[in-house]
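J.:
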Amino acid sequence: MLNEEEISLLLTDLIDIYGYDFTGYAKPTLYRRINRLFKLRSFSGFTAFRYLLIHNPEYLDWFIAEITVPVTEMFRDPSFFLTLRNEVLPVLNNCPLIRIWHAGCSTGEEAYSLAIILKELQLLQKSVVYATDINPKVLKVAAAGIYQQDTMKHYTENYMHAGGIANFSDYYTAHYDLVKLDDQLKKRIVFSTHNLAADTSFNNFQLIICRNVLIYFNQELQQRVFTLFDNSLETNGFLGLGSKETLQFTRLNHYYQKLNQKEKIWQKR
Numbered sequence: 001m002l003n004e005e006e007i008s009l010l011l012t013d014l015i016d017i018y019g020y021d022f023t024g025y026a027k028p029t030l031y032r033r034i035n036r037l038f039k040l041r042s043f044s045g046f047t048a049f050r051y052l053l054i055h056n057p058e059y060l061d062w063f064i065a066e067i068t069v070p071v072t073e074m075f076r077d078p079s080f081f082l083t084l085r086n087e088v089l090p091v092l093n094n095c096p097l098i099r100i101w102h103a104g105c106s107t108g109e110e111a112y113s114l115a116i117i118l119k120e121l122q123l124l125q126k127s128v129v130y131a132t133d134i135n136p137k138v139l140k141v142a143a144a145g146i147y148q149q150d151t152m153k154h155y156t157e158n159y160m161h162a163g164g165i166a167n168f169s170d171y172y173t174a175h176y177d178l179v180k181l182d183d184q185l186k187k188r189i190v191f192s193t194h195n196l197a198a199d200t201s202f203n204n205f206q207l208i209i210c211r212n213v214l215i216y217f218n219q220e221l222q223q224r225v226f227t228l229f230d231n232s233l234e235t236n237g238f239l240g241l242g243s244k245e246t247l248q249f250t251r252l253n254h255y256y257q258k259l260n261q262k263e264k265i266w267q268k269r
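Per full-length UniProt numbering, the sequence shown runs over residues 1 to 269.
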């Protein structure tokens with residue numbers, strides 16, 4: 001098992017060599033994940049682990065993917081997407097161009113879910129969804145829009161609970177055990193790398209969604225990210241968070257109004 005000093009050295013390497021900053025992540029979770037990866041390969045010691053991480057780009061990509069927890073699904077937490085459909089996106093209809101930032105998009109399922117709702121509301125053609133993640137490996141999966149067919153039954157159920165008005169199978173084509181999502185959805189999504197721990201704002205948005213990412217950050221990094229979102233969000237814009245995340249105890253709280261009691265969606269005053 002790696003000690004705190006060794007893990008700290010690894011984190012410094014990741015910053016200095018690759019620009020990945022995980023120092024603001026919650027220590028217990030981060031250290032547990034790094035030690036799990038160390039044990040998986042049965043390394044002879046810390047030096048061998050560090051050498052592979054520095055000199056093997058493929059291992060680095062895998063390492064980043066494992067510690068950034070790319071867990072997602074289409075229309076995850078359907079009631080959240082139902083609220084977007086009924087209470088948030090219709091408000092943005094008056095915008096000449098709807099700019100949406102989905103931060104921490106992982107393999108893209110939720111970004112495509114958003115595009116489907118925009119399409120059904122006749123808003124897709126005047127919308128751009130910027131879907132970002134720190135991990136280039138998961139972004140490749142997202143940009144391809146190809147997923148396992150055995151997930152479609154569950155995704156169809158999520159879609160219906162999220163207020164879907166069409167046949168969900170119309171949005172993809174199946175080929176053996178894989179499905180490919182409709183290219184028309186992909187045309188309005190821009191997939192790009194962005195590091196919430198280090199990068200700055202890159203546009204102004206009417207809607208920012210970042211779900212189940214901040215729970216892995218310490219309080220200081222959470223505050224940095226909330227400030228980043230606030231700087232990126234237009235007045236009267238909306239911020240959507242995960243079910244265990246909140247603006248309530250931040251210094252930005254009094255600038256935002258919670259949309260309803262159930263969903264973690266706030267509107268900037």
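Don't be surprised by glycine CBs; every beta carbon is placed ideally from N, CA and C. Everything numeric in this text was worked out from a predicted model, so none of it was measured.
Write down the C-beta distance between R76 and E110 rounded to the nearest angstrom, noting that I regard them as a contact closer than 8 Å.
T.: Here residue 76 refers to the residue found at position 76 of the sequence shown. Here residue 110 refers to the residue found at position 110 of the sequence shown. Contact holds; Cβ gap of about 6 Å.
J.: If you draw a straight line from the C-alpha of F168 to the C-alpha of S42, how long is it?
T.: For the purposes of this step, residue 168 is taken as the residue at position 168 of the sequence shown. For the purposes of this step, residue 42 is taken as the residue at position 42 of the sequence shown. If I take the Cα positions, the gap works out to 44 Å.
J.: Can you find the residues in the same chain that come closer than 6 Å, C-beta to C-beta, to K244, ignoring five residues on each side of it along the sequence?
T.: Locating residue 244 in the sequence shown gives position 244, where the first residue counts as 1. Closer than 6 Å at Cβ, skipping near neighbours: I215.
J.: Using a Cβ-Cβ cut-off of 8 Å (strictly less than) and excluding sequence neighbours within five positions of S192, which residues of its own chain qualify?
T.: Here residue 192 refers to the residue found at position 192 when the sequence shown is read from its first residue. Contacts found: Y130, A131, T132 and L139.
J.: Under the three-state reduction of DSSP, which class applies to L53: helix, strand or coil?
T.: Here the question's residue 53 lines up with position 53 in the sequence shown. Three-state DSSP puts L53 in a helix.
J.: State whether the region 37-57 contacts the region 3-20, with contact taken as three or more CB pairs (one from each stretch) at a distance under 8 Å.
T.: With the cut-off at 8 Å, the region 37-57 and the region 3-20 touch.
J.: Below 7 Å CB to CB, which residues in the same chain sit around T107 once its five sequence neighbours on both sides are set aside?
T.: Taking the sequence shown and counting its residues from 1, the one referred to as residue 107 is at position 107. P70, T72, V138, V141 and A142, listed in sequence order.
J.: What is the DSSP secondary structure of F205, reduced to helix, strand or coil?
T.: Here residue 205 refers to the residue found at position 205 of the sequence shown. In this structure, F205 counts as strand in the three-state DSSP scheme.
J.: Can you tell me whether K268 is helix, strand or coil according to DSSP?
T.: Locating residue 268 in the sequence shown gives position 268, where the first residue counts as 1. K268: strand per DSSP, three-state reduction.
J.: With the cut-off set at 8 Å, would you say R224 and L124 are in Cβ contact?
T.: On the sequence shown, residue 224 is found 224 positions in, with the first residue counted as 1. On the sequence shown, residue 124 is found 124 positions in, with the first residue counted as 1. Against a cut-off of 8 Å, the Cβ pair of L124 and R224 comes out as no contact.
J.: If we ignore side chains and look at the alpha-carbon of each, how far apart do N135 and S201 end up?
T.: Locating residue 135 in the sequence shown gives position 135, counting from the first residue. Locating residue 201 in the sequence shown gives position 201, counting from the first residue. In a straight line, the C-alpha of N135 is about 18 Å away from that of S201.
J.: Would you list the one or two residues that DSSP bridges to K129?
T.: One-based indexing of the sequence shown puts residue 129 at position 129. It is Val, not Lys, that sits at residue 129 in the sequence shown. Looking at the DSSP assignment, V129 forms a beta bridge with I100 and I189.
J.: For the structure I just gave you, are there three or more beta carbon pairs, one from the region 158-168 and one from the region 94-106, closer than 8 Å?
T.: As far as the Cβ criterion goes, the region 158-168 does not touch the region 94-106, which means the pair count is below three.
J.: Could you check which residue in N195, H154, Q148 and R269 has the C-alpha nearest to that of T173?
T.: Taking the sequence shown and counting its residues from 1, one reaches residue 173 at position 173. Nearest of N195, H154, Q148 and R269 to T173, Cα basis: Q148.
J.: Which of helix, strand or coil does DSSP assign to V213?
T.: As a first step, residue 213 is located in the sequence shown; it is residue number 213 there, counting from the start. Coil.
J.: Look at L178 and I208 and say whether their C-beta atoms are less than 8 Å apart.
T.: Here residue 178 refers to the residue found at position 178 of the sequence shown. Here residue 208 refers to the residue found at position 208 of the sequence shown. Not in contact: L178 and I208 (Cβ atoms no closer than 8 Å).
J.: Closer than 7 Å by C-beta to I7: which residues in its own chain qualify, once you throw out the five before and the five after it? Chain order, please.
T.: For the purposes of this step, residue 7 is identified with residue 7 of the sequence shown, where counting begins at 1. Hits under 7 Å: Y31 and I34.
J.: Threshold first: 4 residues or longer. Then list the alpha helix (DSSP H) segments lying entirely within the region 217-263, N to C.
T.: Runs of the alpha helix (DSSP H) inside the region 217-263: 219-232.
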